[in-house]
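Residue numbers (our numbering), protein chains in the order written: chain A, 2 to 253; chain B, 29 to 312.
Quick reminder that beta carbons are idealized off the backbone N, C-alpha and C, glycines included.
Below you'll find the structure, written out as structure tokens, and then a few comments.
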Amino acid sequence: MSRRPLRRLAEALLSLAAFLVAWKILTVATGTPPYILPPPEAVGASALESIGSGVLWDHAAATLLTIVLGFGLGAATAIGVGIGLGKSLVIERVLSPYIVAAQAVPVLALAPLLDIWFGGGLFSRILVCALIVFFPIAIATMVGIRSADALLREMLRSLGATPGQVTRRLEIPSALPVIFGGLRVGVTLSVIGAVVAEWVSAGTGLGVLINIADQGLFDTPLMFVALAALAIIGLAFYGLVAFVERRLVQPA
Amino acid sequence: MAAGSAQATSGVRTDAGLAVRLSAVRHVFTGPQGELVALDGLDLAVSAGSFTAIIGPNGCGKSTLLRLVAGLLIPTAGSVTLGDGAEAAPPRAGDGRTGLAFQQPRLLPWLTTLDNVALPLALDGVPPAARTARARLALERVGIAGAAGLRPRELSGGMAQRAGLARAMVTDPPLLLLDEPFSALDALTREAFDAELQRLWMERRRTVLLVTHSVSEAIRLADRIVVMTARPGAVASVLQVDLARPRPVQLTEPAAAEIDRAVRATLAEVHPPELAPWSGEAAS
């Protein structure tokens with residue numbers, strides 16, 4: 002490991018330590034009761050306990066499955082539809098009112114309907130997740146496809162490139178930076194989608210764990226553990242997307 | 029595309045070039061502001077293996093003419109055909125008969141220079157090994173074999189323009205269309221380019237149509253200079269350039285000065301003087 006990653010790690014740890022200290026000071030100075038704002042060590046203890054018993058992992062695994070499948074399904078369809086929207090004004094005119102309307106309706110309001118249609122299983126949770134991920138990625142893809150340089154388009158046309166070849170050789174590579182912008186937004190939304198879906202219907206999942214901690218146990222430290230786990234999952238997936246982006250997108 | 033690409037991929041071409049014929053061509057662009065007649069009543073015949081320069085000011089339809097010959101545009105009226113006699117047929121973009129180089133290099137930024145030059149072959153489905161070999165040959169011909177692995181952003185303007193030329197020539201098309209390919213380069217690089225283009229043409233006598241703003245460049249390179257009228261574009265006159273080859277960068281023969289005068293006189297006749305950028309250009 003070179004010096005730079007070490008330094009960055011040290012910076013991250015320092016910032017985390019400062020955050021925990023500020024949190025602790027806040028709880029002590031204001032005298033807030035632990036069921037409203039538990040001190041960091043109580044959350045730490047709760048985390049160790051729920052990790053040790055396997056409870057946290059069971060719920061996190063369920064949420065991760067929803068996110069991976071939901072984001073995968075949502076991103077794949079969004080890129081496909083986005084290419085269609087970008088290439089054809091007719092497709093855009095026909096489809097975009099429905100896409101915008103579906104996006105305008107809050108996912109929280111749609112989730113119970115999907116629950117009725119597809120039952121309270123994994124599939125409807127994946128659909129909720131895919132739905133919330135779809136819009137930013139589809140729109141980013143459409144905009145990216147259209148941003149392809151007109152001069153390069155003419156160059157490919159002069160070489161007799163088919164519309165499919167233009168898409169593969171020019172439009173998708175030039176859209177990649179914008180598509181990744183959509184994927185970055187989408188992947189963080191996928192965490193929200195998974196939790197919303199779990200609130201509506203699920204037996205396990207971090208969203209369910211929050212509900213249990215809230216209504217059943219009044220266990221605020223456990224709620225914080227679940228929130229922290231969601232934040233870590235969100236950060237990890239965001240980092241993964243950023244990593245893939247660095248591998249695929251050439252600096253201009 | 030199939031017939032043309034099969035011919036192009038065989039790599040063996042014995043014909044010396046492709047004749048071009050434009051008859052009573054009219055081309056109208058329709059836009060939100062109405063119609064623009066770019067070309068009207070244009071007749072031009074170019075014989076196989078000849079080098080023709082097309083000269084005229086901006087907006088006279090030179091680039092439109094080239095795009096009609098490349099098959100990127102279809103004339104509103106009149107006909108454009110490539111080839112002689114029974115073989116004569118309208119151009120179709122990507123049929124393997126033409127290679128087009130633009131004013132800008134137009135390279136795909138995410139591909140290496142080699143892959144950019146090999147692009148026409150890749151689109152035609154030529155296997156990777158064969159297209160790499162042919163792209164390397166094309167890079168060698170334009171003198172930038174060392175740039176094969178570089179990305180376009182790592183190339184100088186001149187090198188990028190050479191790569192664009194190599195891409196146009198990689199399928200060895202019998203008709204090469206050059207749309208002001210050197211106009212963005214500095215004067216010295218441009219003269220070096222002209223000399224190389226002459227050498228390449230003398231090596232393989234393909235038909236070349238060169239659109240240019242420069243009278244001296246036209247005289248250095250062409251067998252014939254086509255002077256175009258102002259918009260709507262048509263052929264004002266065709267001047268023969270009977271100078272020995274290879275021609276030096278600095279043409280000192282009295283005949284060259286004679287042609288220079290004739291071209292400028294025609295240009296002055298058909299264009300209002302305030303639109304005539306060549307009036308200030310030093311005769312070489």
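Q | Cβ-based burial, Arg-170(A) [other Cβ within 10 Å; buried from 16] | A | Counted from its first residue, the first sequence places residue 170(A) at position 169. Burial call: buried.
Q | Assigned exposure category for Glu-286(B) - 16 Cβ within 10 Å defines buried | A | Residue numbering aside, residue 286(B) sits at position 258 when the second sequence is read from its first letter. Burial call: exposed.
Q: Report the rounded CA-to-CA distance for Ala-162(A) versus Val-56(B), giving the unit in angstroms.
A: For this step, residue 162(A) is matched to residue 161 along the first sequence. For this step, residue 56(B) is matched to residue 28 along the second sequence. Cα to Cα, the separation comes out at about 25 Å.
Q) Can you find a CB in chain B that lies within less than 8 Å of the CB of Pro-174(A)? A) Here the question's residue 174(A) lines up with position 173 in the first sequence. Pro-174(A) counts as touching chain B.
Q: Scan the stretch 142 to 183 of chain A and note each continuous alpha helix (DSSP H) run of 4 residues or more that stays entirely inside, going in chain order.
A: With a minimum length of 4 residues, the continuous alpha helix (DSSP H) runs that stay inside the stretch 142 to 183 of chain A are 151 to 159, 164 to 167.
Q. Can you tell which of Ala-176(B), Leu-139(B), Asp-251(B), Val-277(B) has its C-alpha closest to the C-alpha of Ser-75(B)?
A. Start at 1 with the first residue of the second sequence, and residue 75(B) comes out as number 47. Comparing Cα positions, the closest option is Asp-251(B).
Q: Enumerate, from N- to C-terminal direction, the unbroken alpha helix (DSSP H) stretches of 4 or more residues contained entirely within the stretch 178 to 255 of chain B.
A: Counting whole runs of 4 or more residues, the stretch 178 to 255 of chain B contains the alpha helix (DSSP H) stretches 185 to 197, 215 to 231, 243 to 249.
Q. Closer than 8 Å, CB to CB, is Leu-19(B) near chain A or not?
A. Missing from the structure shown is residue 19(B); chain B here goes from 29 to 312 and no further.
Q: Reducing DSSP to helix, strand and coil, say where Thr-221(A) ends up.
A: By 1-based counting over the first sequence, the position of residue 221(A) is 220. Note: Thr-221(A) maps to helix in three-state DSSP.
Q | Pairwise C-alpha distance: Leu-267(B) and Leu-237(B) | A | Along the second sequence, read from residue 1 onward, the residue named residue 237(B) stands at position 209. Along the second sequence, read from residue 1 onward, the residue named residue 267(B) stands at position 239. Take the alpha-carbon of Leu-237(B) and the one of Leu-267(B): they are about 14 Å apart.
**Q.** Euclidean distance between Cα positions of His-299(B) and Gly-261(B)
**A.** Here residue 299(B) corresponds to residue number 271 of the second sequence, with the count starting at 1. Here residue 261(B) corresponds to residue number 233 of the second sequence, with the count starting at 1. Cα to Cα, the separation comes out at about 11 Å.
Q: Just the C-alpha distance for Ala-176(A) and Thr-33(A), rounded to the nearest angstrom, thanks.
A: Looking up residue 176(A) in the first sequence gives position 175. Looking up residue 33(A) in the first sequence gives position 32. In a straight line, the C-alpha of Ala-176(A) is about 50 Å away from that of Thr-33(A).
Q.
Comparing C-alpha positions only, which one of Arg-147(A), Gln-166(A), Gly-208(A), Gly-45(A) sits nearest to Ser-89(A)?
A. As a working note, residue 89(A) is residue 88 in the first sequence. Considering only alpha carbons, the answer is Arg-147(A).
Q | Option in Leu-101(B), Ala-47(B), Pro-60(B), Thr-141(B) with minimal Cα separation from Ala-116(B) | A | Residue numbering aside, residue 116(B) sits at position 88 when the second sequence is read from its first letter. Here the closest residue by C-alpha is Ala-47(B).
**Q.** Residue-level contact to chain B via CB, Arg-158(A), 8 Å cutoff
**A.** The residue you call residue 158(A) lines up with position 157 of the first sequence. Arg-158(A) has a beta carbon lying within less than 8 Å of a beta carbon in chain B.
Q) Can you list the residues of chain A that Arg-134(B) reaches, using a CB-CB cut of under 7 Å? A) Here residue 134(B) refers to the residue found at position 106 when the second sequence is read from its first residue. Chain-order list of chain A residues neighbouring Arg-134(B): Leu-152, Leu-153, Met-156, by C-beta distance under 7 Å.
(Q) Relative to the C-alpha of Thr-168(A), which candidate in Ile-80(A), Arg-8(A), Ala-131(A), Leu-57(A) has its C-alpha closest? (A) For the purposes of this step, residue 168(A) is taken as residue 167 along the first sequence, with counting starting at 1. Selected option, being the one with the closest Cα: Ile-80(A).
Q: Would you tell me roughly how many angstroms separate the C-alpha atoms of Ile-52(A) and Phe-124(A), rounded to the nearest one?
A: Position 51 of the first sequence, counting from 1, holds the residue named residue 52(A). Position 123 of the first sequence, counting from 1, holds the residue named residue 124(A). Taking the straight line from one Cα to the other gives about 27 Å.
**Q.** is_contact[Arg-169(A), chain B] using C-beta, thresh 8 Å
**A.** Mapped onto the first sequence, residue 169(A) falls at position 168. At a cut-off of 8 Å, the C-beta of Arg-169(A) has no neighbouring C-beta in chain B.
Q) What are the residues of the stretch 178 to 191 of chain B that lie near chain A, defined by any Cβ-Cβ distance shorter than 8 Å? A) Those residues of the stretch 178 to 191 of chain B that come within reach of chain A (Cβ to Cβ, closer than 8 Å) are Arg-179, Arg-181.
Q: Using three-state DSSP, classify Arg-292(B) as helix, strand or coil.
A: Locating residue 292(B) in the second sequence gives position 264, counting from the first residue. Three-state result, Arg-292(B): helix.
Q | Rounded separation between Ala-284(B) and Arg-275(B) - CA only | A | For this step, residue 284(B) is matched to residue 256 along the second sequence. For this step, residue 275(B) is matched to residue 247 along the second sequence. One C-alpha to the other measures close to 10 Å.
Q) So, His-60(A) versus Leu-152(A), is the Cβ gap smaller than 8 Å? A) Here residue 60(A) refers to the residue found at position 59 of the first sequence. Here residue 152(A) refers to the residue found at position 151 of the first sequence. It is not a contact, given that the beta carbons lie outside the stated cut-off.
Q.
Quick check on Ala-162(A) - is its C-beta less than 8 Å from some C-beta in chain B?
A. Position 161 of the first sequence holds residue 162(A). The beta carbon of Ala-162(A) falls within 8 Å of a beta carbon belonging to chain B, placing the residue at that interface.
Q: Give a yes or no on whether the minimum CB-CB distance between Glu-57(B) and chain A is below 8 Å.
A: Numbered from its first residue, the second sequence carries residue 57(B) at position 29. Going by the sequence as given, residue 57(B) is Phe instead of Glu. For Phe-57(B), the answer is no, since every Cβ of chain A falls outside 8 Å of its Cβ.
Q: Flag this pair as yes or no: are the beta carbons of Ser-191(A) and Gly-71(A) separated by less than 8 Å?
A: In the first sequence, counting from the first residue as 1, residue 191(A) sits at position 190. In the first sequence, counting from the first residue as 1, residue 71(A) sits at position 70. Yes, they are a contact pair.
(Q) Since Arg-234(B) and Pro-201(B) should fall inside the 8 Å C-beta cutoff, what is the C-beta to C-beta distance between them, to a whole number of angstroms? (A) Taking the first residue of the second sequence as position 1, residue 234(B) is located at position 206. Taking the first residue of the second sequence as position 1, residue 201(B) is located at position 173. 7 Å between Cβ atoms; contact.
Q: Measure the alpha-carbon distance for Ile-233(A) versus Val-179(A) and round it to whole angstroms.
A: Position 232 of the first sequence, counted from the first residue, corresponds to residue 233(A). Position 178 of the first sequence, counted from the first residue, corresponds to residue 179(A). Here the C-alpha atom of Ile-233(A) lies approximately 25 Å from the C-alpha atom of Val-179(A).
Q.
By DSSP's criteria, Leu-64(B) is part of a beta bridge. Which residues make up the other side?
A. As a working note, residue 64(B) is residue 36 in the second sequence. According to DSSP, residue pairing for Leu-64(B) in a beta bridge involves Phe-57(B).
**Q.** For Ala-19(A), three-class secondary structure by DSSP
**A.** Within the first sequence, numbered from 1, the residue matching residue 19(A) stands at position 18. Helix, per DSSP.
Q: Go through its chain and collect everything with a Cβ distance to Leu-223(A)'s Cβ below 6 Å, but skip five positions before and after it.
A: Locating residue 223(A) in the first sequence gives position 222, counting from the first residue. Around Leu-223(A): Ser-47, Ala-214.
Q: Count the other CB atoms, across all protein chains shown, that sit within 10 Å of the CB of Leu-205(B); report buried if there are 16 or more and exposed otherwise.
A: Position 177 of the second sequence, counting from 1, holds the residue named residue 205(B). With 16 or more other Cβ atoms within 10 Å, it is buried.
Q) Mind checking whether Arg-169(B) and Met-230(B) have CB atoms under 8 Å apart? A) Here residue 169(B) refers to the residue found at position 141 of the second sequence. Here residue 230(B) refers to the residue found at position 202 of the second sequence. Their beta carbons are not under 8 Å apart, which means Arg-169(B) does not touch Met-230(B) by this criterion.
Q) If you draw a straight line from the alpha carbon of Leu-57(A) to that of Glu-50(A), how long is it in whole angstroms? A) The residue given as residue 57(A) occupies position 56 in the first sequence. The residue given as residue 50(A) occupies position 49 in the first sequence. Looking at the two C-alpha atoms, the distance is approximately 9 Å.
**Q.** Ranges of the alpha helix (DSSP H) found wholly within the stretch 46 to 128 of chain A, counting only runs of at least 4
**A.** Entirely contained in the stretch 46 to 128 of chain A, the alpha helix (DSSP H) runs reaching 4 residues are, in chain order, 56 to 88, 90 to 105, 108 to 119.
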